[in-house]
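The structure appears right after this line, and notes come after that.
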Amino acid sequence: MSSGGDRGRALDCATLAEAASLLDPGVTVSFPGTGERLTAADLDRKSERFAAGLVAAGVKPGEVVGLLLPTGPQVLLGLLGVVRAGAAASMLSAAAGTPERSAERLALVVSTARMRYLVVHEDHSDIAHILQRMSPGLVVLDANLTAPPGRLPEVAEGDLAVLQYTSGSTGHPKGVMLPHSAVQAALRSIVASARLTRQDTMVTWLPHYHDMGLFGLLAPLMAGGSAQVLPPLAFIRRPARVLQLLSDHGGTLLMGPNFSYDRIVAAATPELLSNLDLSRWRLAFNGAEPVKASTVEAFTKCFASAGVPESVMYPVYGMAEATLPITFPEPGTVPRIIHVDRTELSDHGRCALVAPHHPAAKPLVSVGRPVQDMQLRLIDATGADCAPGQVGEIQISGPCVTSGYFANRSATAALFEGPWLHTGDLGFQLDGDLFIAGRTKEMIIVRGQNYFPEDVEDLAARQTGVHRGRCVAYAENEHVVVVAEIAPNYDPSVVCTEIRQLIADHLALTAVHVHPVRPGWLSRTTSGKWQRALTQTRIREQNTILASTDPDAPGD
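According to our numbering, the sequence shown holds residues 28 to 583 in order.
Structure (structure tokens):
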């Protein structure tokens, strides 16, 4: 075991395994929900003993070890212990629902990742027992596994460190392979581009099985900072809790998808803000789903009274295939919002700037410029580089980019064009800043006209009677389909009619089907994106069942 925390060394390490023993001595991670706390020395000593326990249990270098853990110290100790044992960690989620459903979903991951070992906290023991019956040969290990320190395997920078399963907003989840070199490069990029220091304190509630939750937590620790970690459910139940933690602990950093900031703004009453000290708050990372101008503006207005500068809102762009970071703004700058002609953007792939009050105005938020060591290009349908203001597919290349999908050669081959990775996202650059326009797979085409699903969803979400603005749009059979959660005490047929009229008025689009569903029916990915493909599949299945039981039942 290292004598602990050689100052400033962790980020320079070739592997995450080595970095675990070289964290700054001042690093601390606190879990307010349980009162638990880890220091740099704890992370080093306890992860080393956990790694020794894994080796004693039979874990071999190069294998993938699943970690099925709730938010708590075991997450970091498990991750660092697995990589120090020479294996790769796969952070797994116990999804909402019954243990049987969770086990069924995880069984596919266990199979495709060829997992022989699964580390489980007692909170998830019921899922693990079912999973063992479904996956013969799977060995379940206790999260508190430990053994006396001994010689651990050598770990090289090209070895697999993390197998990050994507959240699957447009298809089936895939195992993103992240070698140690990619993980360390990503952490260095985050620290450099966001200017993280030992003085930073991250407040986070994001799930550790999502790339933003995992690497967003590791980055400030590698910079010598500290963290306050809440379980996701604690934030969902009480969003104001993160503001209280920022105030109580001099928090400087917060991360979350766009919807989380809407919830925070709603919870930030004048009375609450008057009792908080948010003077050290430096960056509110807003990523993982499209950043909305309305959210940025509401956040800025809400927190101005508490002395929070406009520059705190920090719209970013990243993805699991880049380990996490792709573009960040310059820290300390005010978010850039532009208004473009919606029709020019969707039909002609051009950025035509218009006034905010223009009838076709679509606000877009800049997500900054490529992070340190990241190369980015925009390619049109012919494969040519895009001119400034021209929409194209975003492609990336750099040391933090994945080496491909685990045991999936065809998907890996389709992912790359030479050294360039296809993100599947559409965007354009203006004065060097990147703006995200949508996804190539999700563009809605109806009778030759193009529509971004976000434009349809933004309109439908405004309609009174749509539960918390929750709706999803996609294309099917030359129509736009809108699936909307209807709030209690509202007539679904009336709300659906009004949604159709609203879309017709604003987008001149009449080929619209609206499906009402109950509150909570729609699904998000772990990063907060709507699962449009899954929604489409579920609606098709629902319609098939209706047709088979009642041949005269209307489709919509």
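All residues carry an ideal CB built from backbone N, CA and C; glycine is no exception.
Residue j and residue i - do their beta-carbons sit closer together than 8 Å?
i	j	result
residue 180	residue 88	yes
residue 230	residue 432	no
residue 310	residue 38	no
residue 226	residue 41	no
residue 327	residue 307	no
residue 549	residue 507	no
residue 158	residue 134	yes
residue 232	residue 206	no
residue 172	residue 145	no
residue 282	residue 353	no
residue 398	residue 220	yes
residue 303	residue 351	no
residue 461	residue 530	no
residue 312	residue 288	no
residue 544	residue 523	no
residue 483	residue 557	no
residue 54	residue 223	no
Buried or exposed for residue i, going by 16 or more other Cβ atoms inside 10 Å?
i	result
residue 85	exposed
residue 380	exposed
residue 120	buried
residue 375	exposed
residue 411	exposed
residue 255	buried
residue 156	exposed
residue 48	buried
residue 93	buried
residue 8	Outside the modelled stretch of the chain, which goes from 28 to 583, sits residue 8, for which no answer is possible.
residue 201	buried
Return the CA-CA distance between residue i and residue j, expressed in angstroms with no decimal places.
i	j	result
residue 127	residue 95	15 Å
residue 192	residue 238	9 Å
residue 175	residue 107	16 Å
residue 405	residue 253	37 Å
residue 33	residue 70	Low confidence applies to residue 33: its pLDDT is 40, below 50, so where it sits in the model is not reliable, and the reading given next is rough at best. Approximately 14 Å, taken between the alpha carbons.
residue 197	residue 562	With a pLDDT of only 41 at residue 197, under the threshold of 50, the placement of this residue in the model should not be trusted; the figure read from the coordinates follows. Taking the straight line joining both Cα atoms gives about 10 Å.
residue 416	residue 456	6 Å
residue 235	residue 419	32 Å
residue 151	residue 520	42 Å
residue 517	residue 492	6 Å
residue 251	residue 218	10 Å
residue 363	residue 343	12 Å
residue 105	residue 168	11 Å
residue 577	residue 570	In this predicted model, residue 577 has a pLDDT of only 49, less than 50, meaning its place in the structure is not dependable; the value taken from the coordinates is given anyway. Approximately 10 Å, taken between the alpha carbons.
residue 470	residue 452	10 Å
residue 299	residue 560	40 Å
residue 178	residue 44	13 Å
residue 388	residue 377	13 Å
residue 454	residue 464	5 Å
residue 324	residue 273	21 Å
residue 359	residue 370	33 Å
residue 109	residue 321	42 Å
residue 334	residue 161	54 Å
residue 567	residue 187	39 Å
residue 64	residue 428	32 Å
residue 243	residue 60	20 Å
residue 450	residue 443	9 Å
Could you spell out where the beta strand (DSSP E) holding residue i opens and where it closes?
i	result
residue 501	493-503
residue 188	187-192
residue 106	It is not in any beta strand (DSSP E) - residue 106 instead sits in the alpha helix (DSSP H) that spans 100-111.
residue 404	402-406
residue 360	No beta strand (DSSP E) holds residue 360; DSSP gives it neither H nor E.
residue 389	388-392
residue 466	460-466
residue 417	Taken as a continuous stretch (DSSP letters only), residue 417 belongs to no beta strand (DSSP E), as it is neither H nor E.
For residue i, decide whether its Cβ has a neighbour in chain C, counting only Cβ atoms nearer than 8 Å.
i	result
residue 535	Of the protein chains in this structure there is only one, and it is not chain C.
What is the residue span of the alpha helix (DSSP H) that residue i lies within?
i	result
residue 296	Segment: none, residue 296 is in no alpha helix (DSSP H) and carries neither H nor E.
residue 69	67-84
residue 221	That residue, residue 221, is in no alpha helix (DSSP H); it is neither H nor E in DSSP.
Kindly list the residues whose CB is nearer than 8 Å to the CB of residue i, restricted to its own chain and excluding five residues on each side of it in sequence; keep chain order.
i	result
residue 473	502, 505, 506, 507, 536, 538
residue 383	366, 390
Leaving out five residues before and five after residue i in sequence, what residues of the same chain have Cβ atoms less than 6 Å from its Cβ?
i	result
residue 154	121, 126, 129, 130
residue 91	115, 117, 140, 142, 190
residue 339	308, 311
residue 361	337, 338
residue 291	266
Near residue i, which residues of its chain fall below 7 Å by C-beta distance, leaving aside the five closest residues on each side in sequence?
i	result
residue 494	512, 513, 514, 546
residue 36	49
residue 74	47, 104, 107, 108, 111
residue 425	400, 401, 402
Should residue i be listed as close to the ligand HEM, given that the test is whether its C-beta is under 7 Å from any heavy atom?
i	result
residue 138	Ligands in the displayed structure: none, and consequently the ligand HEM is not present.
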